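Student: I'd like to ask you about the structure that follows.
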Amino acid sequence: MPIFNDPTAMVDPDTIPRQVLAFGIADVDNGFELEAHSHAKGQLMMTMRGALTCEAAGGLWIVPPQCAIWIPGDILHSVKASPSIEGYSLLVDPAMSSTLPEACCTVSVTPLLRELVIRCATFPILYPETGMETKLVSLLVDELGMAPLEKFHLPMPEDRRLRTMAEEMISSPSSRLTVGKWARRIGMSERTLHRLLQKETGLSFSRWRQQFQIVLSLQLLSKGETVQNVATELGYESPASFVTMFKKSLGSPPARYMIARQGGQRPGA
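Position 9 of the sequence shown, counted from 1, bears residue number 9 in my numbering, the numbering being contiguous throughout.
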């Protein structure tokens with residue numbers, strides 16, 4: 001498939017009679033946005049540079065460099081890419097998706113998975129359905145099914161009041177309002193807020209806020225923001241306190257984590 005400079009101009013992948021499709025996305029200077037859509041083929045979106053933000057299945061997903069998001073077929077999703085994004089997309093027919101995750105998830109891109117996606121993206125749109133191409137496509141799907149999962153998902157609540165709180169927190173990430181103040185602000189008791197948020201997202205208020213900070217920090221770091229700027233953006237009193245939170249959550253301090261990502265390695269590996 002070709003390298004696309006304008007992903008919004010792509011054809012419907014379900015109209016192409018191949019079970020697996022791969023294509024590249026390169027040097028989209030201003031980034032791009034794809035409105036909510038779906039297709040029968042499942043989709044893997046992998047970034048090499050820049051970051052993708054995807055809203056799907058009631059959550060927000062951040063895809064930093066050397067990582068990918070898997071979206072099963074027929075799931076409504078929208079996509080926003082940062083400027084100068086570079087990456088690849090893989091589309092897999094349901095007939096070949098039995099070993100792949102049944103729900104949206106972020107996956108760590110192993111060196112083999114990365115090279116297989118890149119190689120398959122060089123195939124013509126209607127590549128031969130026998131021979132070397134078919135073997136590589138099959139190996140690619142098998143490797144994707146074994147890829148380790150990551151933690152770049154922010155579940156979004158469905159309750160209107162909690163959704164308002166979540167959206168306000170996202171738009172003002174430096175706000176340090178307590179759970180009690182948020183409860184009063186959205187018109188519910190603190191106990192109800194805790195109960196509903198846990199029920200709808202599976203996370204407590206403190207864990208949801210921390211996950212939001214991890215997701216947003218990865219997005220900012222992928223854009224080249226400094227640790228100090230990210231700490232300030234998230235409302236931390238010092239970069240050190242932000243680094244401590246980041247390391248506790250992801251196992252490495254931000255700078256080392258991003259260097260490993262840019263090098264195509266799993267941090268700590």
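Even glycine gets a Cβ: it sits at the ideal position worked out from N, Cα and C.
On a predicted model such as this, the values are computed, not experimentally measured, just so you know.
Please report how far the alpha carbon of L177 lies from the alpha carbon of P239, in whole angstroms.
Tutor: Counting from 1 along the sequence shown, the entry for residue 177 is found at position 177. Counting from 1 along the sequence shown, the entry for residue 239 is found at position 239. Taking the straight line joining both Cα atoms gives about 20 Å.
Student: What number of angstroms, rounded off, separates the C-alpha of F152 from the C-alpha of C67?
Tutor: Position 152 of the sequence shown holds residue 152. Position 67 of the sequence shown holds residue 67. Cα to Cα, the separation comes out at about 10 Å.
Student: With a threshold of 8 Å, are at least 3 pairs of Cβ atoms found where one atom belongs to the stretch 119 to 135 and the other to the stretch 75 to 87?
Tutor: The answer is no - the stretch 75 to 87 does not touch the stretch 119 to 135, with fewer than three Cβ pairs under 8 Å.
Student: Whole-angstrom Cβ separation of A26 and S222, contact assumed at under 8 Å?
Tutor: By 1-based counting over the sequence shown, the position of residue 26 is 26. By 1-based counting over the sequence shown, the position of residue 222 is 222. Not confirmed; about 17 Å, so no contact.
Student: Between G187 and R209, what straight-line distance do the alpha-carbon atoms span, to the nearest angstrom?
Tutor: The count along the sequence shown starts at 1 and reaches residue 187 at position 187. The count along the sequence shown starts at 1 and reaches residue 209 at position 209. Straight-line Cα distance between these residues: approximately 19 Å.
Student: Pull up the distance between the alpha-carbon of A273 and that of E129, whole angstroms please.
Tutor: Outside the displayed span of the chain (1 to 269) sits residue 273, for which this structure offers no information.
Student: Comparing C-alpha positions only, which one of Y236, G202, L112 and F212 sits nearest to E167?
Tutor: Within the sequence shown, numbered from 1, the residue matching residue 167 stands at position 167. It is F212 whose Cα lies nearest to the Cα of E167.
Student: Excluding the 5 residues flanking T47 on each side, which residues of the same chain have their C-beta closer than 6 Å to its C-beta?
Tutor: Within the sequence shown, residue 47 is the residue found at index 47, counting from 1. For T47, where only same-chain residues beyond five positions count, the Cβ hits under 6 Å are V63, P65 and G87.
Student: Shortest alpha-carbon distance to M156 belongs to which of M146, G180, S89 and L197?
Tutor: Start at 1 with the first residue of the sequence shown, and residue 156 comes out as number 156. Answer by Cα proximity: L197.
Student: Need the endpoints of the beta strand (DSSP E) that A36 sits in, please.
Tutor: Here residue 36 is taken as the residue at index 36 of the sequence shown, counted from 1. Looking at the DSSP string, the run of the beta strand (DSSP E) that includes A36 is F32 to H37.
Student: What does the alpha-carbon distance come out to for the pair P148 and V227?
Tutor: To locate residue 148, count along the sequence shown from 1; it is residue 148. To locate residue 227, count along the sequence shown from 1; it is residue 227. The alpha-carbon atoms of P148 and V227 are separated by roughly 26 Å.
Student: Once you ignore the five residues that flank T201 on each side, which residues in its own chain have a CB closer than 8 Å to its CB?
Tutor: Start at 1 with the first residue of the sequence shown, and residue 201 comes out as number 201. Contacts found: P155, M156, P157 and W208.
Student: Below 8 Å, how does it come out for the stretch 10 to 20 and the stretch 102 to 119: are there three or more Cβ pairs, yes or no?
Tutor: Segments in contact, no.
Student: Does P83 pass the burial test, meaning 16 or more other C-beta atoms within 10 Å, or should it be called exposed?
Tutor: As a first step, residue 83 must be located in the sequence shown, where it is residue number 83. By the neighbour-count rule (16 or more Cβ atoms within 10 Å), P83 is not buried but exposed.
Student: Going straight from the alpha carbon of T192 to that of R185, what length do you get?
Tutor: Counted from its first residue, the sequence shown places residue 192 at position 192. Counted from its first residue, the sequence shown places residue 185 at position 185. Each residue's Cα considered, the two are about 13 Å apart.
Student: Just grab the DSSP bridge partners of A22 for me.
Tutor: Here residue 22 refers to the residue found at position 22 of the sequence shown. According to DSSP, which records beta bridges pairwise, A22 is partnered with L90.
Student: Take M146 as the anchor and find which of R163, S98 and K135 has the nearest alpha-carbon.
Tutor: Taking the first residue of the sequence shown as 1, we reach residue 146 at position 146. Checked all of R163, S98 and K135; the closest Cα to M146 is S98.
Student: Thinking C-beta only, is P254 closer than 7 Å to L216?
Tutor: For the purposes of this step, residue 216 is identified with residue 216 of the sequence shown, where counting begins at 1. For the purposes of this step, residue 254 is identified with residue 254 of the sequence shown, where counting begins at 1. Going by C-beta atoms, L216 is not nearer than 7 Å to P254.
Student: Mapping DSSP to helix, strand and coil, what is R161?
Tutor: For the purposes of this step, residue 161 is identified with residue 161 of the sequence shown, where counting begins at 1. The answer is helix: DSSP assigns R161 an H, G or I state.
Student: Under the three-state reduction of DSSP, which class applies to I71: helix, strand or coil?
Tutor: Within the sequence shown, the letter at position 71 stands for residue 71. Reduced to three states, the DSSP call for I71 is strand.
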